[in-house]
Amino acid sequence: MLSEVVLTKMSSKGQIVIPKRLRDIFGYNKGEIFAMIGNEDTLILKKVAVPSSDELERLFKWGEEFTKRKRIKKEDVLKAIQEVRHEGG
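Take the sequence shown: its letter number 17 is residue 123 in this note's numbering, and every next letter is one higher.
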């Protein structure tokens, strides 16, 4: 684990480079996707896994089968989404 401070600079376009040494240590490669979480003066980057098209297909199929078993209609789902958005959740 890295136990030293490493500095980097933001470009005029707002881009921040993760130094090569850190990319190597953490195994980050070109095209990686990161979630960014900010709190006051702290920004945390978390690498996220993007599901493959096969995995997405499997999840969609599971969702379709689940809604059929539970007799959930498309209108019910849309209504639930609208309610959550209206609540700000």
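We treat Cβ as the ideally placed atom computed from N, Cα and C, and that holds for glycine. Since the structure is predicted, the reported quantities are computational estimates derived from the model, not experimental observations.
Span of the beta strand (DSSP E) holding residue i?
| i | result |
| --- | --- |
| Thr-148 | 148-154 |
| Ile-178 | Here Ile-178 belongs to no beta strand (DSSP E), and DSSP marks it neither H nor E. |
| Ile-143 | 139-145 |
Hey, how far is the Cα of residue i from the Cα of residue j?
| i | j | result |
| --- | --- | --- |
| Gln-188 | Gly-120 | 34 Å |
| Ile-150 | Ala-141 | 8 Å |
| Lys-152 | Ile-143 | 8 Å |
| Val-112 | Arg-129 | 12 Å |
| Lys-167 | Glu-193 | 29 Å |
Which residues mark the beginning and the end of the alpha helix (DSSP H) in which residue i is found?
| i | result |
| --- | --- |
| Gly-194 | Taken as a continuous stretch (DSSP letters only), Gly-194 belongs to no alpha helix (DSSP H), as it is neither H nor E. |
| Ile-131 | 126-132 |
| Gly-169 | 159-175 |
Cβ of residue i less than 8 Å from any chain B Cβ?
| i | result |
| --- | --- |
| Phe-172 | Protein chain content of the structure displayed is limited to a single chain, and chain B is not contained in it. |
Does the beta-carbon distance from residue i to residue j come in below 8 Å?
| i | j | result |
| --- | --- | --- |
| Ile-124 | Met-116 | no |
| Lys-154 | Ile-131 | Checking the sequence, you will find Val at residue 154 rather than Lys. Contact flag unset, no. |
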